[in-house]
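Numbering (my numbering), first residue to last: 113 to 197.
Okay, so here's the structure we're looking at.
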């Protein structure tokens, strides 16, 4: 029977206790783009990853687009029964 080698995910794996003792070092590694997997009893519990800013609607860009294209309103008419089942 042939065994295939498993490819380890990029990043560092550390125990919960190890993470507690090396938090600053691990945070720096995460800031550099590395993912750190924290384990408890050898099983992955969580991952430390870089913070991502929340997305959403860029209202200022929308207003600039509307001005640039001469749009004064998005919805010009709504039917009285638009939400009837």
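Here a beta-carbon is modelled for each residue, glycine too, at the ideal position from N, C-alpha and C.
Among the options, whose alpha-carbon lies nearest the alpha-carbon of residue i?
i, options, result
"residue 149", "171, 183, 194 and 125", "125"
"residue 155", "141, 127 and 175", "127"
"residue 161", "152, 146 and 189", "146"
"residue 171", "158, 157 and 186", "186"
"residue 158", "123, 174 and 144", "123"
Quick check on DSSP: helix, strand or coil for residue i?
i, result
"residue 149", "strand"
"residue 188", "coil"
"residue 159", "strand"
What does a CB cutoff of less than 6 Å around residue i pick up in its chain, not counting 5 residues either side in sequence?
i, result
"residue 183", "none"
Can you give me the Cβ contacts of residue i inside the same chain, cut-off strictly under 7 Å, excluding the 5 residues immediately before and after it?
i, result
"residue 131", "138 and 150"
"residue 142", "148, 160, 161 and 162"
By Cβ distance below 8 Å, which residues in the same chain neighbour residue i in space, the five residues on each side in sequence not counted?
i, result
"residue 153", "none"
"residue 166", "none"
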